Structures are given as C-alpha cells and as structure tokens.
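Numbering-wise, the sequence shown is residues 378 to 681 according to this note's numbering. Cβ coordinates follow ideal geometry from the N, Cα and C atoms, glycine included. As the structure is a prediction and not an experimental result, all values here were calculated from the model. To start, the structure itself, in structure tokens.
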Amino acid sequence: MLQNKSKIESTYKSSDTEEFLDRLFYRKVGYRMAVAAKAMSLTPNNVTFISVIFGVIAGHLFFYQNTTINLIGVLMLITAEALDGADGQLARLTNTHSRYGRIFDGVAGNLWFISIYLHMSARFVVEGGTPFIFLIAIIAGMSHSFQSAMADFYRIFYLYFVQGKNKDIDDLSEVKETYSNLVWLKNPFKKFLLRVYINYLHQQYLLAKSVRKLYGFVEENFNGVTPSWLKVDYRSLNKPMIKYQNILTTNTRMIVLFITLFLGNILHYFLFELIVLNILLVYFVMKEEKIHKYLFDLTKKKRN
C-alpha cells in the first residue's frame with residue numbers, strides 16, 4: 378500500500394501544491410486512469426480530449442430540470458476533472474511533456490465551463506429568468522479565466538523557486554514569434570492553441586510584475602539556480618498562499634456549482650464567481666506581489 382502511495386505521489390507536480398481533495402480522491406483515481414491509458418497506448422492529449430467530451434456533455438445535462446439527469450452531469454464532470462489530472466499524471470509517467478499538450482489541457486477546462494455556463498444560463502431563461510443572465514455568464518467566464526490564470530502563474534513560479542522546475546515558464550515574446558511562424562493552413566490546431574495561450578499570458582503579465590522581476594533577476598544573476606536561502610524564504614512566505622490558489626481554480630468552484638445547481642440558485646453561482654472569487658483574486662494578487670517585491674529587494678541587496 379505504501380509502495381502504491383509512493384507511485385501516485387511520484388505523479389504529483391508537487392506535494393506542496395496538491396490540495397486535500399486532489400490527494401484524497403482525484404490523484405488516486407487519476408493515477409489508475411493514467412496507468413490504464415498507458416496500457417492502451419493513449420497519449421496525454423488523447424486523455425485530455427476524452428475529458429473534453431465528458432465535461433461538455435456534463436454542461437449540457439445541467440440544462441435539464443431533472444435531479445437524476447443533473448446527478449449524471451455531476452458524475453460526468455467529476456470524471457472529467459479526474460481525467461484532467463490523469464493526462465498530466467500520464468505525461469509524468471511516460472515522460473512525454475509538450476507545450477501544446479499543456480495548453481490543450483487548459484483549453485479543455487475552458488470548454489467544459491463554456492458548456493456549463495451556456496446551458497445553465499439557458500436553463501435560467503427557460504425557468505423564467507432574465508436573458509441578461511447570458512451577459513452575467515460572459516463576465517463571470519472572463520473573471521474565471523483571470524482567476525485561473527493568476528493562480529496557475531504563481532503556482533508555476535512556486536515550483537521554479539522552491540523545486541527548480543522551469544519547464545512550464547514561457548516567454549511571451551518567444552511564444553508570439555512561434556505563433557507568427559506557424560501557418561493556419563498547415564498547423565491550424567497548434568496556431569489556435571498558441572493564440573489562446575498568448576491571450577492567457579497577457580492576462581498573467583498584466584497583473585504579475587514583481588514575480589517576473591524576481592524570476593528575471595535569478596535567471597540573470599544566479600544562472601537560473603535559486604539560492605538555498607531564497608528557497609527557504611520563498612517557501613515560508615508563499616506556501617500559506619497556496620490555499621488561495623486552490624480556491625481560485627477548480628475544486629471549490631465545482632462544489633459551489635453543484636450546491637447551487639441542486640438548490641436551483643443558478644444566479645447565485647455566477648454571483649459567487651463575480652463577487653467572492655474576484656475579491657479573493659484582488660487580495661491574492663496584491664499579497665503575492667507584495668511578497669515578491671520584498672523577496673526581489675532582499676535578493677538584490679544580498680547579491681550586491
């Protein structure tokens with residue numbers, strides 16, 4: 378049993394960044410899915426595509442005013458989330474990593490929630506609500522995108538500074554150059570993914586200034602190797618922020634979604650996105666930027 382636990386943990390990005398529900402359920406189920414996918418010679422992108430099918434269908438099932446159908450939708454969305462973790466676990470099991478696979482993984486989650494928001498909005502109108510719910514859903518979706526982007530951005534840099542993992546850090550200008558060199562007729566899927574990714578990076582660059590300054594300074598002055606004292610300070614200051622990263626991503630959002638869906642309070646879910654999570658986003662980014670500014674000034678002072 379301990380050996381099996383060790384195998385599952387070997388497919389984590391980091392034990393620090395895995396939230397409780399992931400460790401308790403999703404990573405265990407995802408690991409079994411990844412092992413099965415490996416046995417069937419499926420690629421991580423194949424698994425991601427399957428998660429899209431489950432997630433989009435789940436969104437459709439939330440349209441119906443039927444508890445049984447909604448419950449099937451919930452189970453399908455939970456399966457989609459497990460598959461979403463399984464693709465990364467499979468990539469780590471087989472050592473098959475790619476920028477396009479990572480971007481596709483992010484796009485997959487967006488496709489689920491586009492389906493969910495559209496079908497829930499349509500249900501709200503059918504039940505007698507205002508059509509303006511579609512506008513609210515669009516704004517909530519944009520908020521969702523920013524929230525996930527910022528949580529993901531700071532998580533990537535946590536892995537860089539604490540564990541020395543930098544494979545997920547991309548330079549916006551280099552991504553733009555790669556995008557411009559691709560031709561729509563020859564590489565439509567890759568070009569589409571990069572177009573989405575460029576927008577995603579713009580969101581991250583808009584709000585995260587100090588963390589990129591610290592990253593650039595370490596890359597330039599320490600050859601990309603974080604000094605041991607900085608690792609300790611960085612982990613000490615940033616590990617308490619991980620709980621906010623996790624709230625801004627998927628699991629908390631899904632729990633609130635399920636509760637509001639079964640209570641019939643669809644509008645309340647969108648208000649949760651717009652009010653609660655956006656307030657948390659503002660606090661989270663301001664706090665992270667303050668932490669990274671302090672670490673940048675400290676690192677610069679010690680270097681000089």
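Legend entry - Any alpha helix (DSSP H) of 4 or more consecutive residues that is wholly inside the stretch 538-591: Note on the stretch 538-591: whole alpha helix (DSSP H) runs with a minimum of 4 residues are 549-558, 565-584, in chain order.
Inset, instruction - Kindly list the residues whose CB is nearer than 8 angstroms to the CB of K677, restricted to its own chain and excluding five residues on each side of it in sequence; keep chain order. - result: By one-based count along the sequence shown, residue 677 stands at place 300. So the qualifying residues of the chain are F594.
Legend entry - Reference F523; option with closest CA among D399, K667, T626: Here residue 523 refers to the residue found at position 146 when the sequence shown is read from its first residue. Minimum Cα distance to F523 is reached at T626.
Legend entry - At least three beta-carbon pairs within less than 8 angstroms, the stretch 602-617 to the stretch 506-525: Under the 8 angstroms Cβ criterion, the stretch 602-617 does not count as touching the stretch 506-525, having fewer than three qualifying pairs.
Legend entry - Beta-carbon proximity list for E683, same chain, < 7 angstroms, skipping 5 on both sides: Residue 683 lies beyond the range of the chain shown here (378 to 681); nothing can be said about it.
Inset, instruction - Tell me where the alpha helix (DSSP H) around S613 begins and ends. - result: If you number the sequence shown from 1, residue 613 lands on position 236. Here the alpha helix (DSSP H) through S613 covers 605-615.
Inset, instruction - Please list, in chain order, all residues of the same chain as R612 whose beta carbon is under 7 angstroms from its beta carbon, the five residues on each side excluded. - result: As a first step, residue 612 must be located in the sequence shown, where it is residue number 235. The answer, listed in chain order, is V539.
Inset, instruction - Tell me whether P421 sits in a helix, a strand or coil according to DSSP, three-state version. - result: Along the sequence shown, read from residue 1 onward, the residue named residue 421 stands at position 44. The DSSP-derived three-state label of P421 is helix.
Inset, instruction - Report the three-state DSSP secondary structure of T676 (helix, strand or coil). - result: The residue given as residue 676 occupies position 299 in the sequence shown. The answer is helix: DSSP assigns T676 an H, G or I state.
Legend entry - Pair within 7 angstroms by beta-carbon distance, A413 and Q466: As a working mapping, residue 413 is identified with position 36 in the sequence shown. As a working mapping, residue 466 is identified with position 89 in the sequence shown. With contacts defined by Cβ atoms closer than 7 angstroms, A413 and Q466 do not form a contacting pair.
Legend entry - Pick from L638, I632, F569, V588 that is closest to N615, judged by C-alpha positions: Working through the sequence shown from its first residue, we reach residue 615 at position 238. Per the Cα distances, V588.
Inset, instruction - Enumerate, from N- to C-terminal direction, the unbroken alpha helix (DSSP H) stretches of 4 or more residues contained entirely within the stretch 392-466. - result: DSSP runs (the alpha helix (DSSP H)) wholly in the stretch 392-466: 404-416, 421-438.
Inset, instruction - Tell me whether the beta-carbon of D464 lies closer than 7 angstroms to the beta-carbon of P421. - result: Mapped onto the sequence shown, residue 464 falls at position 87. Mapped onto the sequence shown, residue 421 falls at position 44. Yes.
Legend entry - Burial state of T425, where buried means 16 or more other Cβ atoms lie within 10 Å: One-based indexing of the sequence shown puts residue 425 at position 48. Around the beta carbon of T425, a 10 Å sphere encloses 16 or more other beta carbons of the protein chains shown; the residue is thus reported as buried.
Legend entry - Contact under 7 angstroms by Cβ, L591 with H669: Position 214 of the sequence shown, counting from 1, holds the residue named residue 591. Position 292 of the sequence shown, counting from 1, holds the residue named residue 669. For L591 and H669, yes; Cβs fall inside 7 angstroms.
Legend entry - Nearest-angstrom beta carbon gap, V609 and Y574 [assumed within contact, 8 angstroms]: Taking the first residue of the sequence shown as position 1, residue 574 is located at position 197. Taking the first residue of the sequence shown as position 1, residue 609 is located at position 232. For Y574 against V609, the beta-carbon gap comes to about 33 angstroms, at or over 8 angstroms, which does not count as contact.
Legend entry - Host alpha helix (DSSP H) of G478 (start-end): What you label residue 478 is simply residue 101 of the sequence shown in a count that begins at 1. Segment 476-503, the alpha helix (DSSP H) holding G478.
Inset, instruction - Could you check the C-alpha separation between G483 and L648 for me, to the nearest Å? - result: Translated into positions along the sequence shown, residue 483 becomes position 106. Translated into positions along the sequence shown, residue 648 becomes position 271. Taking the straight line from one Cα to the other gives about 23 angstroms.
Inset, instruction - Determine the DSSP secondary structure at M378, reduced to helix, strand or coil. - result: Within the sequence shown, the letter at position 1 stands for residue 378. Reliability fails at M378, whose pLDDT of 49 lies under 50, so the model's placement of it is uncertain and no value is given.
Inset, instruction - For the alpha helix (DSSP H) containing F509, list its first residue and its last residue. - result: Counting from one through the sequence shown, the residue named residue 509 turns up at place 132. Here F509 belongs to no alpha helix (DSSP H), and DSSP marks it neither H nor E.
Inset, instruction - Tell me whether the beta-carbon of V330 lies closer than 7 angstroms to the beta-carbon of L512. - result: Here the chain has residues from 378 to 681 only, and residue 330 is not among them.
Inset, instruction - Give every residue of the same chain whose Cβ lies closer than 8 angstroms to the Cβ of L398, excluding the five residues on either side of it in the sequence, and list them in chain order. - result: Residue mapping note: residue 398 aligns to position 21 of the sequence shown, counting from 1. Within the same chain, N628 come within 8 angstroms of L398 by CB-CB distance, once the 5 residues on both sides are set aside.
Inset, instruction - Sort S550, K415, S428, R469 by Cα distance to A459 and report the nearest one. - result: For this step, residue 459 is matched to residue 82 along the sequence shown. Selected option, being the one with the closest Cα: S428.
Inset, instruction - Go through its chain and collect everything with a Cβ distance to A499's Cβ below 7 angstroms, but skip five positions before and after it. - result: In the sequence shown, residue 499 corresponds to position 122, counting from 1. The residues are F440.
Legend entry - Backbone CA spacing between K667 and K563 [nearest angstrom]: Locating residue 667 in the sequence shown gives position 290, where the first residue counts as 1. Locating residue 563 in the sequence shown gives position 186, where the first residue counts as 1. Each residue's alpha carbon lies about 45 angstroms from the other.
Inset, instruction - Pull up the distance between the alpha-carbon of F501 and that of L570, whole angstroms please. - result: Position 124 of the sequence shown, counted from the first residue, corresponds to residue 501. Position 193 of the sequence shown, counted from the first residue, corresponds to residue 570. Taking the CA atoms as reference points, F501 sits about 32 angstroms from L570.
Legend entry - Coarse secondary structure for F599, derived from DSSP in three states: Counting from one through the sequence shown, the residue named residue 599 turns up at place 222. Of the three classes helix, strand and coil, the one that applies to F599 here is coil, per DSSP.
Inset, instruction - Figure out for me which residue from F530, S557, Y556, E554 has the closest Cα to the Cα of K544. - result: On the sequence shown, residue 544 is found 167 positions in, with the first residue counted as 1. Comparing Cα positions, the closest option is F530.
Legend entry - Length of the line joining the Cα atoms of I385 and Q581: Residue 385 sits at position 8 when you count from the first residue of the sequence shown. Residue 581 sits at position 204 when you count from the first residue of the sequence shown. For the pair I385 and Q581, the Cα-to-Cα distance works out to about 30 angstroms.
Inset, instruction - Identify whether G518 lies in helix, strand or coil by the three-state DSSP scheme. - result: Taking the sequence shown and counting its residues from 1, the one referred to as residue 518 is at position 141. In the three-state scheme derived from DSSP, where H, G and I count as helix and E and B as strand, G518 is classed as helix.
Inset, instruction - Output yes if chain D places a C-beta closer than 7 angstroms to the C-beta of A463; else output no. - result: As a matter of chain content, chain D is missing from the structure shown, which is built from one protein chain.
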